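To start, the structure under review is shown below, and the notes come after it.
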Amino acid sequence: MTSRVALVTGGTGGIGTAIVRKLAAMGHKVATNYRDKAKATAWQEALKRDGVDVALAAGDVSDPAGAEAMVKEVVDQLGPVDILVNNAGITRDTTFHKMTAMQWQEVINTNLNSCFNVTRPVIDGMRDRKWGRIIQISSINGQKGQYGQANYAASKAGMHGFTISLAQENAKFGITVNTISPGYVATEMVMAVPEEVRAKIAAQIPVGRLGKPEEIAYAVGFFIPDDAAWITGANMSINGGHYMGW
Ligand code: CAA
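The following block contains the structure:
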């Protein structure tokens with residue numbers, strides 16, 4: 063398979079790390095952004111010990127100028143970006159009647175506005191080269207809503223609106239744009255949910271367990287090859303059967 067340049071935002075997180083490993087194992091050159099240099103460097107060294115090379119670029123994806131500079135740093139190190147995985151995301155869970163403007167804005171800026179901030183600097187190159195893969199990592203809670211997550215669910219539903227518009231605009235340029243909507247995966251983000259609440263949620267999963275980050279990364283890999291060229295505008299649910307809406 064052709065080796066491409068892949069940028070995974072939030073690559074140092076739970077699902078992000080699995081996506082980085084998957085794309086590297088497929089033979090692609092992979093980069094991610096970071097905000098905390100010491101933490102990112104330690105993470106990079108740990109992956110290197112496993113034989114996985116990842117390029118790092120400084121940048122907060124919630125900030126348009128920071129994201130643009132980050133993309134430039136990636137291009138300088140690895141070359142133009144062919145595969146973009148908009149994976150960076152945060153939660154600020156609280157019921158809406160207690161939610162502050164800051165909790166709303168932080169989540170919308172990091173999860174949704176980041177898709178504009180990072181995709182905008184890479185899209186022209188993909189269109190010029192007539193090949194691209196753009197994948198949004200959304201969430202089950204963007205599909206079904208979640209008590210305590212008006213900000214997060216709005217951002218995640220917005221990501222798929224972004225996907226289906228970009229998919230239409232860029233189809234004739236060899237660019238596919240898809241969404242993956244993971245359910246509850248055993249990462250720090252999900253483990254931060256209070257244990258009794260988490261247990262009730264886990265009990266609603268027909269497969270009977272939380273997901274593994276590798277099970278999300280597997281789907282990212284699925285969308286990349288040339289054989290996947292006709293799959294665009296899709297929203298792939300991967301949630302152990304927790305939500306089967308269509
Ligand atoms: N449906 C109905 N009622 C619910 C409810 C639900 N799903 N969840 C909580 N409640 C009720 C409680 O029973 C309680 O009722 P009483 O007051 O009658 O006893 C009440 O709501 C508590 O409300 P509060 O406003 O006091 O809530 P709180 O401040 O105690 O905390 C919360 C609420 C922050 C939302 C907490 O319940 C929570 O963390 N929930 C989990 C949210 C969640 O799933 N986050 C996912 C994070 S992981 C992720 O986002 C990754 C991904 O993509 C899947």
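Going by our numbering, the first residue of the sequence shown is number 63, and it counts up by one from there.
We treat Cβ as the ideally placed atom computed from N, Cα and C, and that holds for glycine.
Since the model is a prediction, treat every value here as computed from it, not as a measurement.
Could you please give the first and the last residue of the uninterrupted beta strand (DSSP E) stretch that includes residue i?
i    : result
I77  : I77 -> not in any beta strand (DSSP E); alpha helix (DSSP H) instead, spanning G76 to A87.
R111 : That residue, R111, is in no beta strand (DSSP E); its alpha helix (DSSP H) goes K99 to R111.
G194 : G194 to I199
N240 : I237 to P244
I300 : N297 to I300
Identify, in the order they occur along the chain, each residue of the same chain with its Cβ nearer than 6 Å to the Cβ of residue i, setting aside the five sequence neighbours on each side.
i    : result
S217 : V169, I170, N173 and L174
V269 : G302 and G303
A80  : P275, E276 and A279
S299 : S243
By alpha-carbon positions, which one of the options ends up nearest to residue i?
i    : options                   : result
T181 : T64, Q139, D125 and G303  : D125
N232 : A212, A215, Q211 and G194 : G194
T157 : N213, P142, A93 and T249  : N213
Can residue i and residue j be called in contact, C-beta distance under 7 Å?
i    : j    : result
Q205 : Y305 : yes
R154 : Q165 : yes
S200 : S227 : no
M132 : C177 : no
V136 : L85  : no
V184 : L146 : yes
A150 : T71  : yes
I293 : V239 : no
Q208 : T225 : no
G273 : V255 : no
When you compare only the Cα positions, how much space is there between residue i and residue j?
i    : j    : result
V259 : D144 : 40 Å
Y280 : G78  : 12 Å
G245 : G283 : 18 Å
E107 : A100 : 11 Å
In terms of residue numbering, what span does the alpha helix (DSSP H) encompassing residue i cover?
i    : result
A264 : E257 to A264
Counting only the same chain and skipping the five closest in sequence on each side, list residues whose C-beta sits under 7 Å from that of residue i.
i    : result
W105 : T74
R97  : D122
For residue i, collect the residues of the same chain with a Cβ closer than 8 Å to its Cβ; drop the 5 residues on either side in sequence, then sort them by chain order.
i    : result
R189 : N232, F235 and I237
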